[in-house]
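These protein sequences, in sequence, are chains A and B.
Just add 14 to wherever you are in the first sequence, counting from 1, and you've got our numbering.
Just add 1446 to wherever you are in the second sequence, counting from 1, and you've got our numbering.
Ideal Cβ placement from N, Cα and C applies to all residues, glycine included.
These figures come from a predicted structure and were not determined experimentally.
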Amino acid sequence: MKSSKVESKKSKPVLAAILLIIIIQSLLLIFMIANRQAILLSDITVILETRPIDPRSLFRGDYVRLNYNINNLQLDKLSSDRSFKINDTVYVILEQDGQYWAANAVYQKKPDTLKKQQHLIQGVVKTANVTSLNIHYGIENYFVPEGEGLKLERPKPGDKVTLEIALDKEGHAAIKALLLNGIRQYQEALF
Amino acid sequence: MNNKQFYKKLQKKIPYWQTQGWLDQEAAQHILQDAHSSIHKPHRLSLILGVMGVILIAAGAVSFFAANWQGMSKLLKLSLLFSSMAGAYLTSAYFLAGQRHPAFGQAFLLLGVLLFGNNIQLIAQIYHIDSHYPNGILLWATGALMTAIIMRSEIVMIAATLLALLWSGMEIFDFRQIHWPYLIFWTISAVFVIRQGFYLASHFILLSLCSWALFCFSSISLYASAGFIVQIYLLAGITFFILARTLKAMKYWPDFTENLSRYALLFALIFMYILSFPDLSLYSSLAHNTMDQITWLLINLGLMIFSSILLMGRLKFFQGSLPRYKLMGIIWLFILFMTLILNVYQYHDKQGVTIILINLLLFSLVIWLIYAGLAEHKPFYVNSAFIIFTITLISRYFDTFWSLMDRSLFFISGGLLLIFGGYWLEKKRRQLSKYVHQAIQEHPHAEEDGL
Chain A
15 MKSSKVESKK
25 SKPVLAAILL
35 IIIIQSLLLI
45 FMIANRQAIL
55 LSDITVILET
65 RPIDPRSLFR
75 GDYVRLNYNI
85 NNLQLDKLSS
95 DRSFKINDTV
105 YVILEQDGQY
115 WAANAVYQKK
125 PDTLKKQQHL
135 IQGVVKTANV
145 TSLNIHYGIE
155 NYFVPEGEGL
165 KLERPKPGDK
175 VTLEIALDKE
185 GHAAIKALLL
195 NGIRQYQEAL
205 F
Chain B
1447 MNNKQFYKKL
1457 QKKIPYWQTQ
1467 GWLDQEAAQH
1477 ILQDAHSSIH
1487 KPHRLSLILG
1497 VMGVILIAAG
1507 AVSFFAANWQ
1517 GMSKLLKLSL
1527 LFSSMAGAYL
1537 TSAYFLAGQR
1547 HPAFGQAFLL
1557 LGVLLFGNNI
1567 QLIAQIYHID
1577 SHYPNGILLW
1587 ATGALMTAII
1597 MRSEIVMIAA
1607 TLLALLWSGM
1617 EIFDFRQIHW
1627 PYLIFWTISA
1637 VFVIRQGFYL
1647 ASHFILLSLC
1657 SWALFCFSSI
1667 SLYASAGFIV
1677 QIYLLAGITF
1687 FILARTLKAM
1697 KYWPDFTENL
1707 SRYALLFALI
1717 FMYILSFPDL
1727 SLYSSLAHNT
1737 MDQITWLLIN
1747 LGLMIFSSIL
1757 LMGRLKFFQG
1767 SLPRYKLMGI
1777 IWLFILFMTL
1787 ILNVYQYHDK
1797 QGVTIILINL
1807 LLFSLVIWLI
1817 YAGLAEHKPF
1827 YVNSAFIIFT
1837 ITLISRYFDT
1847 FWSLMDRSLF
1857 FISGGLLLIF
1867 GGYWLEKKRR
1877 QLSKYVHQAI
1887 QEHPHAEEDG
1897 L
């Protein structure tokens, strides 16, 4: 009886420490989800053109690697700063061009004001030279159910894959929906 | 016999030994305390099997989600992720509480950390999070470090060390930068390892720092030619070696500083060996242009001044006259510093005086290490000296005779040299090691601290 009481006393700090670890690590994971969900709840959305490439990840199942038109920017066709370096954070101003949204300007500092029909997207420079930039926005991978990656990677002639992107005020982006010929194939929801 | 059984046996035997007069009261208490402290250390085999088991479970969890995720709702996926992680941690709590089975407790703790990492990856997949991907590994490593600190777990600390190296490796190789933030993580980990006195983790911590320095080589080479980086790494190795010996002399963390001095010595020896090659094209003019000689000279001088200050501090601990070999060591260091300064300007002259001096310094260091190893009863110095001597001898044989001799004669004579030279060197190394071990047994407290 006495020994079980002693054992229970010894167990309490271990259990408390383990519960602390579970709580902190769960909060970190919940923060990841909440952060993404906050962007998806934003009212600002844009439709971007893309060319899907390269599906399938060995460990993570099927996914579509998305190559947006705004990934590669020609600096001579845009309003921009003079020099960019690899790993610079940049802000790209998007404007609607017909059905889709396209890049209008790219800056290293967040612009103070935007015109009414403009939105901001934040990215990181992957390669840079005098005339062009390759930028990643954190929306280049889209995971799809097993076996469906190929359909999106190699659409039939004439099919068009587009993405609906949610943006927050800082320009952080999240994929809201994947569309094939303007019809939603996958729509993001919290659960 | 496990530790608990051993302790119980001692409890029974010690009173008898005391009545026989073989042990006094104080010694008996110390022995019992020592045996008691090792009761709760997990059994090594159980721990190894447990760790292998949890790695398999974690791999199974990853492939399960990869293969079945389309069949589940997001809520079900998240419930499974969170409950599996919590389940692993609570199982570890069950085994660790009251020391039911510490080895399994540690293994399940590691499983919890692995599942935490798995959950980061899978949540990133479920919510299409594709941001700066090394951050995912950083989050994982931070969670592992936190778990190691809270639970004082050596095995989780080793996992955190490896994860941090993976994180930094991704930043260095995929984003081409010298990744300084790693050193903050490393310092926190090292302080914890030293405070807990973890033996195996201290090796991982030191090896990870050496690996990180090697990883950074490619990023630094964007600004400077390889030869200058090799020179800086050699000086860094020497500085850490002197720092470790000084801290050991001051009685700070003796086990950790002993290991640090060994890794630093090996690090310095490797880079001195690399620097001894005349034709390695270490100094490409293109890379050299990006950082001027003055900057490199200042970095060289900075390290030299710092190591000299440490050395002077170290010399303060000597009482009486300085042994002759230690004086020779200081002179050797001074000549090396002068040679390296000269090398900043003379590097392009492949047949120049610096390359000859560096080779002479390397061979004199080998002799010094053997002497110091014998004087200070340190087999590690003797073994390191023999290894570097053998490797250098083989390299010089290739350098010198490859173009001069007929190929068949080159290989036959090389083979004979390896067989007989190797036999002779091994014989000498064993003789010296035997001598050092005998000396340690005869005078266990006679170990003197080196430079």
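The beta carbon of residue 65(A) sits no closer than 8 Å to any beta carbon of chain B. Not flagged as an interface residue toward chain A: residue 1705(B), since no C-beta distance is shorter than 8 Å.
Straight-line measurement puts the Cα of residue 1844(B) at about 23 Å from the Cα of residue 1875(B). At least one beta carbon of chain B lies nearer than 8 Å to the beta carbon of residue 31(A). A direct Cα-Cα distance of roughly 6 Å separates residue 1678(B) from residue 1746(B).
The region 1634-1641 of chain B makes no contact with the region 1668-1687 of chain B: fewer than 3 CB pairs, one atom from each, lie closer than 8 Å.
Scanning chain A for C-beta atoms nearer than 7 Å to the C-beta of residue 1820(B) yields nothing, as the closest lies near 49 Å away. Against chain A, a Cβ distance below 9 Å from residue 1622(B) picks out 100 and 101. Only residues of its own chain outside the window of five on either side were considered, and among them 88, 89 and 90 have a CB closer than 7 Å to the CB of residue 145(A), listed in chain order. Residue state for residue 112(A) is assigned as coil, using DSSP reduced to three classes. Residue 1576(B) has a beta carbon lying within less than 8 Å of a beta carbon in chain A. Annotated as distal: residue 153(A) and residue 107(A), with beta-carbon spacing of 8 Å or more. In this structure, DSSP gives residue 156(A) an extended state, which the three-state scheme calls strand.
For residue 1559(B), the enclosing alpha helix (DSSP H) stretches over residues 1548-1572. Using a Cβ-Cβ cut-off of 8 Å, residue 1616(B) does not count as an interface residue toward chain A, since no Cβ of chain A sits closer than that to its own. Neighbourhood of residue 50(A) in chain B, by CB distance below 7 Å: 1573 and 1575, in chain order. In the displayed model, residue 1648(B) falls within a helix according to three-state DSSP. Residue 1828(B) and residue 1819(B) have their C-alpha atoms spaced approximately 5 Å apart. For residue 146(A), the uninterrupted beta strand (DSSP E) run begins and ends at 146-150, by DSSP. For the region 1782-1851 of chain B, the continuous alpha helix (DSSP H) assignments of 4+ residues that do not extend past its boundaries occur at 1799-1822 and 1825-1847, in sequence order.
By the CB criterion at 8 Å, residue 105(A) and residue 134(A) fall inside the cutoff. Boundaries around residue 191(A) are those of the beta strand (DSSP E), 187-194, since no alpha helix (DSSP H) includes it. When secondary structure is reduced to three states using DSSP, residue 178(A) falls in the strand class.
Contacts between residue 40(A) and chain B, judged by CB atoms closer than 7 Å, involve 1528 in chain order. Boundaries of the alpha helix (DSSP H) harbouring residue 1709(B): 1700-1721, taken from the DSSP string.
Here residue 1563(B) is buried, its C-beta having at least 16 other C-beta atoms within 10 Å. Apart from sequence neighbours up to five positions away, the residues of its chain that approach residue 1531(B) with a beta-carbon distance below 7 Å are 1558, 1561, 1562 and 1565, ordered along the chain. Chain B has no Cβ within less than 8 Å of the Cβ of residue 148(A). Secondary structure at residue 135(A): strand, using DSSP grouped into helix, strand and coil.
Within chain B, not a single residue places a beta-carbon under 8 Å from that of residue 78(A); the smallest gap is close to 10 Å. For residue 1618(B), the uninterrupted alpha helix (DSSP H) run begins and ends at 1600-1621, by DSSP. Here the region 1541-1551 of chain B does not lie against the region 1564-1582 of chain B, with fewer than 3 beta-carbon pairs under 8 Å apart. Residue 1865(B) sits in a helix when the DSSP states are folded into three classes. Contacts with chain A at 8 Å (Cβ-Cβ) include residue 1589(B).
Residue 1583(B) has a beta carbon lying at 8 Å or more from every beta carbon in chain A. Counting only the Cα atoms, residue 1649(B) lies some 29 Å from residue 1762(B).
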